[in-house]
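In the UniProt record's numbering, the protein residues as written are 1 to 217.
Quick reminder that beta carbons are idealized off the backbone N, C-alpha and C, glycines included.
Right under this line is the structure:
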């Protein structure tokens, strides 16, 4: 049996009673191999546009960079669209991404774009004024007004989150490289706290910035 790695770019949240809501856009990506062509055809026929890529590791790291927002969204308690519409949250996410990209660079890991979203440019785009950000972002990804991160859903349902595989993965790599990762480390701590104490959810932008020791102005 051949096992292939894959990446799902879009957000899906369970609405209950067998209803799963897809809130963002993007194509599936599966590892290139002899059997990936047939799998690609199957997914495409099923209405799931799919690409293949030889460097699936780079694709997964690229997706992880964008998934760093899962934890911020969960802590904010906002919809993805509302959160990303606020420059303050985008500034925090930009700093998280930059810290992570610096660590990947040290480890000689190159995150690869999936679709129109380019990991290396994300921190710069996130810091743009609203009118410029919306113009650029709207051409890259579509976000449903109801969409929330799966981590938010996990916390609300009092389930363990995937934080160790997201921000936690950055922290582990930072430790291996002997490089600090204070922002990602604090995010991991906050999510772990929220797993046992959901009252920490719905942090205001100001409270979150204070906990991360980030100045927004």
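query: Taking buried to mean at least 16 other C-beta atoms within 10 Å of its own C-beta, is residue 154 buried or exposed?
result: Answer is buried; the Cβ neighbour count reaches 16.
message: Excluding the 5 residues flanking residue 58 on each side, which residues of the same chain have their C-beta closer than 7 Å to its C-beta?
response: 110, 111 and 112, listed in sequence order.
field: N-terminal and C-terminal residue of the alpha helix (DSSP H) that residue 191 is part of
entry: Note, residue 191: alpha helix (DSSP H), 182-196.
task: Closer than 6 Å by C-beta to residue 67: which residues in its own chain qualify, once you throw out the five before and the five after it? Chain order, please.
output: 166, listed in sequence order.
- request: Count the other CB atoms, across all protein chains shown, that sit within 10 Å of the CB of residue 30; report buried if there are 16 or more and exposed otherwise.
  value: Looking at its Cβ environment, which holds 16 or more other Cβ atoms inside 10 Å, residue 30 is buried.
task: Measure the alpha-carbon distance for residue 206 versus residue 133 and round it to whole angstroms.
output: C-alpha separation (whole angstroms): 21 Å.
field: Alpha-carbon to alpha-carbon, residue 95 and residue 77
entry: Going by the C-alpha atoms only, they are around 20 Å apart.
query: Terminal residues of the continuous alpha helix (DSSP H) containing residue 10?
result: Element bounds for residue 10: n/a, residue is neither H nor E.
message: Checking the sheet assignment: what are the DSSP bridge partners for residue 22?
response: Note: residue 22 sits in a beta bridge opposite 12.
field: Reduced DSSP secondary structure (H/G/I, E/B, other) of residue 55
entry: Of the three classes helix, strand and coil, the one that applies to residue 55 here is coil, per DSSP.
- prompt: How would you write the range of the beta strand (DSSP E) that residue 3 sits in, first residue to last?
  reply: In the DSSP assignment, residue 3 falls outside any beta strand (DSSP E), carrying neither H nor E.
task: Confirm, please, whether the CB-CB distance from residue 84 to residue 70 is below 9 Å.
output: Their beta carbons are not under 9 Å apart, which means residue 70 does not touch residue 84 by this criterion.
query: So is the beta-carbon of residue 87 under 8 Å away from any non-hydrogen atom of the ligand NAP?
result: For the structure depicted, the ligand NAP is absent and the ligand set is empty, with no information on it obtainable.
- prompt: When the distance is taken between beta carbons, is residue 147 closer than 9 Å to residue 80?
  reply: Yes; because the gap between Cβ atoms is below 9 Å, this pair is in contact.
task: Please go through the UniProt domain "Ketopantoate reductase C-terminal" (56-194) and give each complete alpha helix (DSSP H) segment of 4 or more residues, from N-terminal end onward.
output: Entirely contained in the UniProt domain "Ketopantoate reductase C-terminal" (56-194), the alpha helix (DSSP H) runs reaching 4 residues are, in chain order, 56-67, 69-76, 80-84, 87-106, 122-126, 130-137, 150-156 and 167-177.
- request: Note down the Cα distance separating residue 61 from residue 44, rounded to an integer number of angstroms.
  value: Rounded to whole angstroms, residue 61 to residue 44 spans 24 Å at the Cα level.
query: If we ignore side chains and look at the alpha-carbon of each, how far apart do residue 120 and residue 131 end up?
result: Going by the C-alpha atoms only, they are around 21 Å apart.
- request: With residue 30 as the anchor, note down where its beta strand (DSSP E) starts and where it stops.
  value: Run containing residue 30: 28-31, per the beta strand (DSSP E) assignment.
- prompt: Whose CA, out of 200, 124, 102 and 195, lies closest to the CA of residue 182?
  reply: For the residues 200, 124, 102 and 195, the minimum Cα distance to residue 182 belongs to 102.
query: Hey, residue 211 and residue 190: beta-carbon distance below 9 Å or not?
result: Yes; because the gap between Cβ atoms is below 9 Å, this pair is in contact.
- prompt: Based on Cα-Cα distance, which residue from 157, 86 and 117 lies nearest to residue 129?
  reply: Its Cα nearest to that of residue 129, the residue 86 stands out among 157, 86 and 117.
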